[in-house]
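**Q**
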Amino acid sequence: MKNFLHGFIAAIVILPVGALGYFCMGFADAQSDVAPSVLESRMMGAAVHAAVARSATKLVAPIADDDVLVKGGKVYVEGCQGCHGELGKPFGEDHSHYPRVPQFPYTGTQYTEPQIYWVVKHGIRMTAMSAYGRFYSEEQLWSIAAFLHRIRTLPPGVAERILTKSADAGASH
Amino acid sequence: MKRFVAGFLTGVLGLVLVALVCLRFGFADVRADATIPAWLARWLNVSAHASVLRQASSLPAFVPATDANVIAGGRLYLSDCVGCHGEPGKPPSDFGATFYPPAPQLALEGTRYSEQQVFWIAKHGVRRTGMSAQTDSYSDEQLHLLAAFIARMPRVPSNILTEIRQEPVSAAPAAEPKK
Chain A
226 MKNFLHGFIA AIVILPVGAL GYFCMGFADA QSDVAPSVLE SRMMGAAVHA AVARSATKLV
286 APIADDDVLV KGGKVYVEGC QGCHGELGKP FGEDHSHYPR VPQFPYTGTQ YTEPQIYWVV
346 KHGIRMTAMS AYGRFYSEEQ LWSIAAFLHR IRTLPPGVAE RILTKSADAG ASH
Chain B
68 MKRFVAGFLT GVLGLVLVAL VCLRFGFADV RADATIPAWL ARWLNVSAHA SVLRQASSLP
128 AFVPATDANV IAGGRLYLSD CVGCHGEPGK PPSDFGATFY PPAPQLALEG TRYSEQQVFW
188 IAKHGVRRTG MSAQTDSYSD EQLHLLAAFI ARMPRVPSNI LTEIRQEPVS AAPAAEPKK
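Those protein sequences? They're chains A and B, same order as listed.
Going by my numbering, the first residue of the first sequence is number 226, and it counts up by one from there.
Going by my numbering, the first residue of the second sequence is number 68, and it counts up by one from there.
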């Protein structure tokens, strides 16, 4: 029993020290121009989803009509589509961020409205998703969430309204 | 000895299981708008630095540090990097601070990476940060110019800074071809 305990303790000490050494000696690749492995993507994707679901349980999304969707869509066009994929343009894969940035116009999202609101507001650690709570009002954040949640199933006419209006408003972009 | 090995394996399995359960059930804090603890920031820095050092050691020589090259690099920096990494002579970037880990404020702090390493980072990006690979947007030559400028921050002579700002950024000869 004593030997078993020694082995157990050795593992608990050696594993973290080994991991630390592995990273500190530069064995972990740094470059972001290769895709993460399927295993890593799936594992970390599930971890992020679980953490966001846990954090956003108490939030309730306000009811969104077409005007809110248009508003959210315009914010998306202004501030999000540079990384997340242009609305109404052909699919372009992200191959410069690690982990890869989801291309919402083509993939949609499995996150609910409150979860999207939470992610945009707080960002995701250790990814290129920064926290936008300082830059957008609550109303804007909820409108982005409403829009993104329905990005693949927008009511007729909404996408057109988003694109035509932002064409003149976004001239400086 | 057999018992020791059994204990060791149990320990390894236990640690891995605990980590997986924590991840799977959402116990990992994912908010990017919290302040990063100093020990974590330092450790991430050390491991990224070591990894870049390992991979960027055999790169070709950089461009000559003529004023013209530094100015061309500075214009690239002003057109595309300041949003996250800060502009010379200005307060640190608010946007860069909203990443986790935050974007280094090159204009204020400079960098401890060598010119070749800066080139390598700009070209290939850094995993699990906001730093994306720029290889699609810029040629190697442009990235070398950019590295020549970044390696000289935060103490870029003021006459060079003035010249960088003088011409509109789009007129910079090196900034044109966006493949």
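Ideal Cβ positions, reconstructed from N, Cα and C, are used throughout, including at glycine.
Note that the structure is predicted; figures quoted are calculated from it, not measured.
Measuring CB to CB, does A200 (chain B) end up less than 8 angstroms from S257 (chain A)?
**A** yes
**Q** Can you find a CB in chain A that lies within less than 8 angstroms of the CB of S114 (chain B)?
**A** yes
**Q** By alpha-carbon positions, which one of B:L90, B:V79, B:L84, B:L87 ends up nearest to G243 (chain A)?
**A** B:V79
**Q** When you compare the CB positions of G304 (chain A) and G310 (chain A), do they come within less than 8 angstroms of one another, or not?
**A** no
**Q** Do L82 (chain B) and L240 (chain A) come within 8 angstroms of each other at the CB atom, strictly closer than that value?
**A** yes
**Q** Are the CB atoms of G163 (chain B) and A170 (chain B) within a distance shorter than 8 angstroms?
**A** yes
**Q** Run through DSSP, which three-state label would P261 (chain A) get?
**A** coil
**Q** Would you report the Cα separation of R219 (chain B) and N228 (chain A), rounded to the nearest angstrom?
**A** 57 angstroms
**Q** Just the C-alpha distance for Q172 (chain B) and G348 (chain A), rounded to the nearest angstrom, thanks.
**A** 19 angstroms
**Q** Leaving out five residues on either side along the sequence, give the residues of the same chain with a beta carbon under 7 angstroms from the beta carbon of R386 (chain A).
**A** Answer for R386 (chain A): V295, listed in chain order.
**Q** Determine the DSSP secondary structure at L342 (chain A), reduced to helix, strand or coil.
**A** It should be pointed out that residue 342 (chain A) corresponds to Tyr in this sequence rather than to Leu. Correct three-state label for Y342 (chain A): helix.
**Q** Please confirm if T77 (chain B) has its CB atom under 8 angstroms from at least one CB of chain A.
**A** yes
**Q** With a cut-off of 8 angstroms, do at least 3 Cβ pairs link the segment 370-388 of chain A to the segment 117-132 of chain B?
**A** no
**Q** Note down the Cα distance separating P24 (chain B) from K314 (chain A), rounded to an integer number of angstroms.
**A** One cannot answer for residue 24 (chain B) here, as it falls past the ends of chain B, which runs 68 to 246.
**Q** Please report how far the alpha carbon of L143 (chain B) lies from the alpha carbon of R232 (chain B), in whole angstroms.
**A** Pairing L143 (chain B) with R232 (chain B), the inter-Cα distance amounts to about 11 angstroms.
**Q** Shorter than 8 angstroms from the beta carbon of R179 (chain B) to some beta carbon of chain A?
**A** no
**Q** Got a sec? Which residues, its chain only, sit under 6 angstroms from T229 (chain B) by beta carbon, not counting five neighbours each side?
**A** none
**Q** When you compare the CB positions of H152 (chain B) and A174 (chain B), do they come within less than 8 angstroms of one another, or not?
**A** yes
**Q** At 9 angstroms on the CB atoms, spell out the chain A contacts of V193 (chain B), in chain order.
**A** A255, Q256, S257, Y323
**Q** Take G357 (chain A) and list the residues in its own chain whose beta-carbon comes closer than 8 angstroms to its own, dropping the five residues that flank it on each side.
**A** Reading the sequence as shown, one finds Tyr at residue 357 (chain A) and not Gly. Taken in chain order, the residues that qualify are G304, V345, K346, G348, L366.
**Q** Spatial neighbours of C89 (chain B) within its chain, please: C-beta separation below 8 angstroms, excluding the five flanking residues on both sides.
**A** A95
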